[in-house]
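All residue numbers for the sequence shown refer to our numbering, where the first residue is 40 and numbers rise by one. Ideal Cβ placement from N, Cα and C applies to all residues, glycine included. Written out below as C-alpha cells is the structure these notes cover.
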Amino acid sequence: MSWLEVENVSLAFGGLKAVDNLSFSVEPGKVFTIIGPNGAGKSTVFNLICRIYDPLEGDIRFGGESLLGARPHEVINHGIARTFQNIELFEHASLLDNLLIGRFRHGRFSPLSELFFLPGQLRQELEHRRKAEEVIEFLDLEGYRHARVADLPYGVRKKTEMARALVASPEILLLDEPSSGLTTEETDDTAFVIEDIREDLGITVVMIEHDMKLVNKVSDKVLAINEGRFLATGSASEVQDDPDVQAAYLGG
Ligand code: ADP
Ligand code: MG
C-alpha cells in the first residue's frame, strides 16, 4: 500500500508560477480530490506527477520512492495511471484496440504463468487481452467492444479512457475531471464507478473535479488550491466552508 507524497513542489511557465510550493499526500485506498478555480494548477499537478514536467523544486514520491528519476513512459511501471481532461484516444481504432494499445505494466505475472512455457511476448499479450476483457466487463462496456471510438457517445469515450488506464493494473489512478461533459445521469454513474474502483479493485484514486455533487459523494479527502498554492484540506464540507476557498471561487 503506497502513499503518494508531493512535497514542496513548484513549477513556472515563463513568469507564471503554475504550482507554488505545494505539498500534499494521498493515503492508499482512499479517494483524494483536488478542487480549485480554472487555472489553479490542478492539471499541472497531474503532469508533474506523471513526469511531463520537471518541478523547479521539491520531490514527488510514490511508495517512498522518488519519481523524479522516471521518464513519462516509465511512470506506469511505478503503478500510476491517468486519464486526461481532454480525452486522448485513438479515434479510428476500436474500443478494444484502444485498450490493447495502452501501456501495459510489466512484471506482474504470477510465477504460475511460467508453467505455460509460452514465449514471454505471447504470454504478455494474452495476459493483456484477458485484462482488457476484465476491464470491459467491469465498466459495462461489452456492447461497445468493437465500435470505433470516434463513433461512440461522449460518455462512453470518457469511460473508455478510464478503461485504458485500468488495463495497466495501476495502484493509483489519476482522473482529470471525470465528469466534464457528462450528463447528470452519467455523472451519477461515474460516482459508482469510482467507488467500485476503490472498493472492488483496491485502487487509490486522485481526482480533479468541478462537480461538487460528485466531489461530496466520493471524496475521502479534499484539497483546494488556487494560483498553484495550497488553500485548504479536509473533508469535502470542511473545505467548501473554508473562507479562503469561498473567496477564491468568487474571485475566479
Ligand atoms: P487547472 O487544471 O487548474 O485549470 P492548469 O494546471 O491547466 O490549471 O494551468 C495552471 C496555469 O498554468 C494556468 O494559468 C495555465 O494557463 C498555465 N499553463 C498550464 N500549462 C501550460 C503550458 N504548457 N504552458 C504555459 N502555461 C501553462
Ligand atoms: Mg485542468
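Compute the distance between the beta-carbons of residue i and residue j, then report whether it is under 8 angstroms.
{"i": "Leu213", "j": "Ile88", "result": "yes"}
{"i": "Ser208", "j": "Lys170", "result": "yes"}
{"i": "Leu25", "j": "Thr83", "result": "Look at the range of the chain in this structure, 40 to 291, and you will see that residue 25 is not part of it."}
{"i": "Thr72", "j": "Ser274", "result": "no"}
{"i": "Ala204", "j": "Ala109", "result": "no"}
{"i": "Phe101", "j": "Ser41", "result": "yes"}
{"i": "Asp215", "j": "Thr272", "result": "no"}
{"i": "Asn265", "j": "Ala79", "result": "yes"}
{"i": "Gly194", "j": "Glu238", "result": "no"}
{"i": "Ile99", "j": "Val58", "result": "no"}
{"i": "Ile126", "j": "Lys81", "result": "no"}
{"i": "Glu130", "j": "Ala186", "result": "no"}
{"i": "Leu138", "j": "Val232", "result": "no"}
{"i": "Asp283", "j": "Leu270", "result": "yes"}
{"i": "Glu181", "j": "Ile175", "result": "yes"}
Exposed or buried, which one is residue i when buried takes at least 16 other CB atoms within 10 Å?
{"i": "Ser62", "result": "exposed"}
{"i": "Thr199", "result": "buried"}
{"i": "Phe52", "result": "exposed"}
{"i": "Tyr183", "result": "buried"}
{"i": "Pro217", "result": "buried"}
{"i": "Gly267", "result": "buried"}
{"i": "Leu55", "result": "exposed"}
{"i": "Thr223", "result": "exposed"}
{"i": "Gly103", "result": "exposed"}
{"i": "Pro158", "result": "exposed"}
{"i": "Leu161", "result": "exposed"}
{"i": "Leu95", "result": "exposed"}
{"i": "Gly118", "result": "buried"}
Among the options, which residue has its Cα nearest to the Cα of residue i?
{"i": "Ser219", "options": "Ile247, Arg237, Phe231", "result": "Ile247"}
{"i": "Ala202", "options": "Gly267, Ser133, Arg268", "result": "Ser133"}
{"i": "Tyr288", "options": "Asn77, Ala57, Gly267", "result": "Asn77"}
{"i": "Leu358", "options": "Pro192, Ser105, Pro111", "result": "There is simply no residue 358 to check, as the chain begins at 40 and stops at 291 in what is shown."}
{"i": "Ile242", "options": "Ile211, His249, Ala186, Phe269", "result": "Ile211"}
{"i": "Leu229", "options": "Leu128, Lys260, Asp280, Phe177", "result": "Before going further, note that residue 229 is Thr rather than Leu in the sequence given. Closest by alpha carbon: Phe177."}
{"i": "Leu240", "options": "Leu135, Asn60, Glu173", "result": "Glu173"}
Just to confirm, does residue i get its C-beta within under 7 angstroms of one of the non-hydrogen atoms of the ligand MG?
{"i": "Asp215", "result": "yes"}
{"i": "Thr115", "result": "Residue identity differs from the one stated: residue 115 is Ile in this sequence, not Thr. Answer for Ile115: no, Cβ out of range of the ligand MG."}
{"i": "Ile247", "result": "yes"}
{"i": "Gln124", "result": "yes"}
Is residue i near the ligand ADP, in the sense that its beta carbon is under 7 angstroms from a heavy atom of that ligand?
{"i": "Ser82", "result": "yes"}
{"i": "Gly75", "result": "yes"}
{"i": "Phe177", "result": "no"}
{"i": "Ala57", "result": "yes"}
{"i": "Gly78", "result": "yes"}
{"i": "Phe231", "result": "no"}
Assuming residue i and residue j make a contact with CB atoms under 8 angstroms, what is their CB distance in whole Å?
{"i": "Gln140", "j": "Pro111", "result": "A quick correction: the sequence has Ile, not Gln, at residue 140. Not confirmed; about 16 angstroms, so no contact."}
{"i": "Val70", "j": "Val244", "result": "5 angstroms"}
Return yes when at least one heavy atom of the ligand HEM lies under 7 angstroms from the C-beta of residue i, else no.
{"i": "Phe52", "result": "The ligand content of the structure shown is limited to the ligand ADP and the ligand MG, which means the ligand HEM is not among them."}
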